[in-house]
Amino acid sequence: QQPVQSPQAVILREGEDAVINCSSSKALYSVHWYRQKHGEAPVFLMILLKGGEQKGHEKISASFNEKKQQSSLYLTASQLSYSGTYFCGTGRPSGAGSYQLTFGKGTKLSVIP
Amino acid sequence: DTEVTQTPKHLVMGMTNKKSLKCEQHMGHRAMYWYKQKAKKPPELMFVYSYEKLSINESVPSRFSPECPNSSLLNLHLHALQPEDSALYLCASSQGVALWEQYFGPGTRLTVT
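Chains as they are written, first to last, in my numbering: chain X, 24 to 136; chain F, 537 to 649.
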């Protein structure tokens, strides 16, 4: 089932902060965050796992509330390069020992000078 | 080397044509994926290969046929496509199937006429 992201879009001035939320109606095993710039491939930002482990870029921070089945991505002191569409993906086991991601609809972030 | 390459970058094909998309990674990853992405939509999972075996097929029509010749290569064979199949086709790879970040290639922009 597709996770729900909010907000759908946000406009920031350079230096401002933003929070992007991701929630699921089903239990989460992992939450993955990606950023995609127009015309480019999605780029990995962060993965958050049950139990609190995180992997990702040092300048990106995120939280994962397993009980509430929610994750938030925190963008601080935004730069122009932060512009793009942010996708959260929720991971779950899927038969035959496999695992799959389902992405939310995305949050379009625009940072202006 | 954290690069996933895809060829061709652009492809225009008629509904009676047969074509193939290619994807390659040299990161030693054991899982590879095909996603379909329509404009302003999130990537949608099509196929997952784990250790060169197909582990997930997300109810994709048979006109799309994946192939994994070896651990570095992934192909997507296309036959008798429909105009609604026009999209960006993204390949991704990850070290393992579960709980690992995925690295995406730049995609193949497919237009079916």
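The beta-carbon is built from N, C-alpha and C at its ideal position, and this holds for glycine as well. These numbers come from a predicted model, not from an experiment.
Residues Val-42, Asn-44 and Ser-86 of the same chain have their beta carbon placed closer than 6 Å to that of Ser-95(X), with the five preceding and five following residues left out of the count. Taking 8 Å as the cut-off, the beta carbon of Gly-129(X) is found no closer than this to the beta carbon of Ser-53(X).
Shown here, Pro-602(F) sits in a strand according to DSSP, grouped into three states. DSSP places Ser-46(X) in the strand class (E or B) of the three-state scheme. Listed in chain order, the positions of the segment 618 to 640 of chain F with a beta carbon within less than 7 Å of a beta carbon of chain X are Leu-626, Val-633, Ala-634, Leu-635, Glu-637, Gln-638, Tyr-639 and Phe-640.
The segment 553 to 585 of chain F is shown to contain whole beta strand (DSSP E) runs of 3 or more residues at 554 to 561 and 567 to 573, in chain order. Using a C-beta cut-off of 8 Å, the segment 31 to 41 of chain X makes no contact with the segment 594 to 609 of chain F, since fewer than three inter-stretch Cβ pairs fall below that distance. In the DSSP annotation of this structure, the continuous segment of the beta strand (DSSP E) that includes Trp-56(X) starts and ends at 53 to 59.
Taking Leu-609(F) as the centre and dropping the five residues before and after it, the same chain places the C-beta of Glu-560 closer than 6 Å to its C-beta, in chain order. Straight-line spacing of the CA atoms in Tyr-122(X) and Ile-70(X) works out to 14 Å.
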